[in-house]
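Comments concern the structure below.
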Amino acid sequence: MLELQGTYTASPNKRLVILALPVQPVSGVWAADLAALSEVFETRRGCEVRFRSPFGWMEGVLKEKNALRDRQRSFEGYVWFRPSAPRDDTDDTLPPAAVTSA
Numbered sequence: 001m002l003e004l005q006g007t008y009t010a011s012p013n014k015r016l017v018i019l020a021l022p023v024q025p026v027s028g029v030w031a032a033d034l035a036a037l038s039e040v041f042e043t044r045r046g047c048e049v050r051f052r053s054p055f056g057w058m059e060g061v062l063k064e065k066n067a068l069r070d071r072q073r074s075f076e077g078y079v080w081f082r083p084s085a086p087r088d089d090t091d092d093t094l095p096p097a098a099v100t101s102a
């Protein structure tokens, strides 16, 4: 699983699109993420990714897409919020319940 360093926002239908060749040159974290995705897709057709969104961690599967109409290469796929850890009902940080005698 590839962990992206940038913060990305998925569309309301949980679709994520990352343009591989944006109009403006990129640098920093986004450039590193694009380089990592390009490297992975040299040998694979799909890739599991994990990334931060403004609302929490998300993960999903991206595929490479080469659009014919606008000639822009992109990485696209559906993502979802990571499942939270299972709740532990035996949490010792809560005060014990009051014991009543009958």
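Start counting the sequence shown at 1; every next residue gets the next number (UniProt numbering).
The beta carbon of each residue, even a glycine, is placed where N, CA and C say it ideally should be.
Just so we're clear, the structure is a prediction, and the values are computed from it rather than from any experiment.
Item                                                                                                         : Value
Cβ shell of residue 80 (< 8 angstroms), same chain only, five flanking positions each side left out          : 14, 58, 59, 60
DSSP three-state assignment for residue 39, whether helix, strand or coil                                    : helix
C-beta contact flag for residue 7 and residue 38 at 8 angstroms                                              : no
Proximity to residue 48 [Cα-Cα], best of 64, 55, 25                                                          : 64
Through-space distance from residue 20 to residue 5, alpha-carbon basis                                      : 15 angstroms
Where residue 55 falls, given that 16 or more other Cβ within 10 Å makes a residue buried                    : exposed
Element boundaries [beta strand (DSSP E), containing residue 78]                                             : 73-81
Cβ separation of residue 2 and residue 36, assumed to be a contact under 8 angstroms, to the nearest whole Å : 6 angstroms
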